[in-house]
Amino acid sequence: MSHEHALDRTARLISIDLFAGNATADQIIDGLLRTTILVRADAANLASPNGQTALCALFSQVAMMGIGIDLDIPEVPMLIPQPPLRGALLKAALLDYGNDLIPSLRCGTGLPHHDLSFVLGDTATEDHHAVLVTGTDWSCAIGPASQIPPSRWDGKWPVGALAAAATAAPEALRAATRRIASSSGHHLSDEFHHTPGCIARIDLSDRAVTPAPINLGPVDIISGGAITYATTYTLLRAPELSARIRVIDPQTLELTNLNRYPLLRYSDLGQLKTTLLEQFSQGSLQILGVPETFDDSWPASLGPLAPRVLIGADHIPARWQAQRAQPQWLQVSGTSHLFAISSAHHPEGPCAGCAHPTDEPGNEPIPTISFVTLWAGILQAIDLLNEASGQLTSGQYTICNPYGLSGTRPIISGTLAPVTYCPVQCSASQRLSAAHAGRSQP
Amino acid sequence: MALMLVPGIIASTFAHLRSCGQDRDECVVYWTGPRDIPGAVYGMVQPAHQAGPDWYEIDSAWITGFFLDLRHTGRTARAQVHTHPASAWHSCTDDLYSLAPSPGFYSLVLPRFAVGSRELGDAYLAEHQADGTWLERHPDTEIREIS
Chain A
1 MSHEHALDRT ARLISIDLFA GNATADQIID GLLRTTILVR ADAANLASPN
51 GQTALCALFS QVAMMGIGID LDIPEVPMLI PQPPLRGALL KAALLDYGND
101 LIPSLRCGTG LPHHDLSFVL GDTATEDHHA VLVTGTDWSC AIGPASQIPP
151 SRWDGKWPVG ALAAAATAAP EALRAATRRI ASSSGHHLSD EFHHTPGCIA
201 RIDLSDRAVT PAPINLGPVD IISGGAITYA TTYTLLRAPE LSARIRVIDP
251 QTLELTNLNR YPLLRYSDLG QLKTTLLEQF SQGSLQILGV PETFDDSWPA
301 SLGPLAPRVL IGADHIPARW QAQRAQPQWL QVSGTSHLFA ISSAHHPEGP
351 CAGCAHPTDE PGNEPIPTIS FVTLWAGILQ AIDLLNEASG QLTSGQYTIC
401 NPYGLSGTRP IISGTLAPVT YCPVQCSASQ RLSAAHAGRS QP
Chain B
443 MALMLVPGII ASTFAHLRSC GQDRDECVVY WTGPRDIPGA VYGMVQPAHQ
493 AGPDWYEIDS AWITGFFLDL RHTGRTARAQ VHTHPASAWH SCTDDLYSLA
543 PSPGFYSLVL PRFAVGSREL GDAYLAEHQA DGTWLERHPD TEIREIS
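And the structure:
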């Protein structure tokens, strides 16, 4: 069954992290596909780019988990492009996308028996258990309608809306895992909080960029994987953004990518990842695909690298190779189970090798889930916007655990330190080694 | 639940244990993380302690303050990491006097005063069980840096 392949990575993550490996993939996927989430928004909350972005991203995040969606919204015109949606009308475009995503996914209007309801902004609701999804340009607040002040969606800088979607989506997963536990008889790991409706407030305004035209210039992205898709998904929604992006990746899109590539539709399978990304070029944000592997021959095949290079590969040696190419600025984003991490580096270090000095063993498929990938993309896009706006990012890392966003430290940032055993042997690590050697001299 | 470490924790753990132990005394640090994110290790704390070649002892007043601070900041202690002069194993003292003898608490022992490789291949890892015993675990699978 193709939905089993499409949801394979998601099922792996849920089994390992939330059921201590006890629930089977069949049990998990069956539970996901049987779960139904109501998403409700009125016309007033869909009258801004951010309201529409919050809705589209939330729909996408939930749908990529295989969770059914009952869409209770009026039909409204699409105010800005919302790739990969097609057409001019929002509701019709969302339902069209939902029916071209995970096989066997249920989405429509009037679906019965909701496991959880999401209500956008200040849309009226009588359901006190509904989860309110609110936000601003650079912040969001998610939680029970009885405890979160309603606030109408407005504005056009999309970071808060995307963060809202990526913060709300874990609540849909919580609803699904309770259903999985109930039907399979397996206990959820008691270390996590599993009841939907936790309050989460995320404020990224300290990373905000001036809402004026921003020119990112030339940007190279090594890997056209899920994080690159999530980063591009974010950038495509930013207003007045210019860039010449080159994406380097030789792979084609596969069924197992459908659980986390937010720009991907089922009908895109089999295409080169770079070809699909090229199709999303819009206005002054141009994407060029290079369907090649980034290996030692890169100077001959690619020419000079762009001043800003992004890499979203989970393969750690690929990050070292990118760092060895000595780009002026390198941003690395990755996911590890329920964590998303991003870090930025300049050639003097601490470099990507200092941040990730050891490779992870094993060839098993990596467990992944939609909202962790979107967070990795949001963090990468924010770093890129900050760097282009002259804000310091190098030498810093940010870590987010989207399943724990209601906690005391939902997103943390820190300063990287060089390590003597850096596999890249950047100059910072060499200076540290020299200092250690000097100290050990008699 | 595997431990998920922010970048640099392992490097700074080795650095502290080496610097303090001076290749002659045992030493100990604690790994901490937010209580509501299972397995997360976001920080490392070195306690006030005294030590010799085959022992260490934590200042009891420091422990009291440490637990109060953890409570106030929504954190928990996830693991203790200490050194042995020779090979890594869990002694009877290690079994009986861990910082937080509760299920899921880890104890990592590094051999040779942590002066060897920064990899954890020679280390000994045990996880406290609900019945009060310690179960040996494999460091490579239970301790991962978030990457």
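Just so you know, the sequences run in chain order A and B.
Each step along the first sequence adds one to the number in the numbering used here, with nothing skipped, and position 272 is 272.
To get the numbering used here, take the position in the second sequence, counting from 1, and add 442.
Virtual Cβ for every residue (Gly too), placed ideally from N, Cα, C.
Please read these numbers as outputs of a predicted model, since none were measured by experiment.
For A:F339, the closest Cβ of chain B is nearer than 8 angstroms. Counting only residues of its own chain and dropping the five nearest sequence neighbours on each side, A:S284 has a CB closer than 6 angstroms to the CB of S242. Inclusion of B:T506 and B:L512 in the CB contact set at 8 angstroms is not warranted, their separation being larger than that value. According to DSSP, A:V209 shares a beta bridge with no other residue. Interface residue (Cβ-Cβ distance to chain A less than 8 angstroms): B:R579 is not classified as such. The Cβ atoms of A:Q396 and A:Q331 do not sit closer than 8 angstroms to each other. Listed along the chain, the chain B residues whose CB falls inside 9 angstroms of the CB of A:P170 amount to none; the nearest CB is some 12 angstroms away. Counting C-beta atoms within 10 angstroms of its own C-beta, B:G558 has fewer than 16 neighbours from the protein chains shown and is therefore classed as exposed.
For the pair of segments examined, the stretch 178 to 191 of chain A was found not to touch the stretch 210 to 228 of chain A: the number of CB pairs separated by less than 8 angstroms stays below three. A:R9 sits in a helix when the DSSP states are folded into three classes. Contact annotation: B:L567 and B:L541 have beta-carbon atoms that are not nearer than 8 angstroms. Judged by DSSP secondary structure, B:P476 falls within the beta strand (DSSP E) whose first and last residues are 470 to 476.
Listed along the chain, the chain B residues whose CB falls inside 9 angstroms of the CB of A:H193 are D478. B:R520 carries a strand assignment under DSSP once its states are collapsed to helix, strand and coil. Between B:P449 and A:A355, the C-beta spacing is below 8 angstroms. Listed in chain order, the non-local C-beta contacts of A:V309 below 6 angstroms within the same chain comprise D220, P327, L330, local neighbours out to five positions each way being set aside.
At a cut-off of 8 angstroms between C-beta atoms, A:E364 does not count as an interface residue with respect to chain B. At least one beta carbon of chain A lies nearer than 8 angstroms to the beta carbon of B:S589.
Burial check for B:S529: the Cβ neighbour count within 10 Å stays below 16, so the residue is exposed. Using a C-beta cut-off of 8 angstroms, the stretch 426 to 433 of chain A makes contact with the stretch 338 to 357 of chain A, since at least three inter-stretch Cβ pairs fall below that distance. The beta carbon of A:E254 sits no closer than 8 angstroms to any beta carbon of chain B. Listed along chain A are P361, each with a C-beta nearer than 8 angstroms to that of B:D582. Close CB contacts of A:T398 within its chain, under the 6 angstroms cut and outside five residues either way in sequence, are with S342, L379, S413 (chain order). Contact between A:T231 and A:L13 does not hold, since their C-beta atoms are separated by about 21 angstroms, which reaches or exceeds 8 angstroms. For a cut-off of 8 angstroms, the C-beta gap from B:E578 to B:Y548 is around 11 angstroms, too long to register as a contact. A:W375 and A:P402 do touch by the CB rule: their CB atoms are close to 5 angstroms apart, below 8 angstroms.
Here A:G68 really is in contact with A:T35; their C-beta atoms are around 6 angstroms apart, less than 8 angstroms. A direct Cα-Cα distance of roughly 14 angstroms separates A:G224 from A:L258. For A:I311, the closest Cβ of chain B is not nearer than 8 angstroms. With three or more CB-CB distances shorter than 8 angstroms, the stretch 59 to 79 of chain A counts as touching the stretch 97 to 109 of chain A. Contact between A:S117 and A:R40 holds, since their C-beta atoms are separated by about 7 angstroms, short of 8 angstroms. If you keep only unbroken beta strand (DSSP E) runs of at least 3 residues inside the stretch 63 to 122 of chain A, you get 68 to 72, 116 to 120. The straight-line gap separating the alpha-carbon atoms of A:Q323 and A:I248 is approximately 15 angstroms. Taking every protein chain shown into account, the CB of A:P262 has 16 or more other CB atoms within 10 angstroms, so this residue is buried. In this structure, the beta-carbon distance from A:L111 to A:L94 does not fall below 8 angstroms.
Within the stretch 381 to 407 of chain A, the residues whose Cβ lies closer than 9 angstroms to any Cβ of chain B are, in chain order, Y397, I399, N401, Y403, G404, S406, G407.
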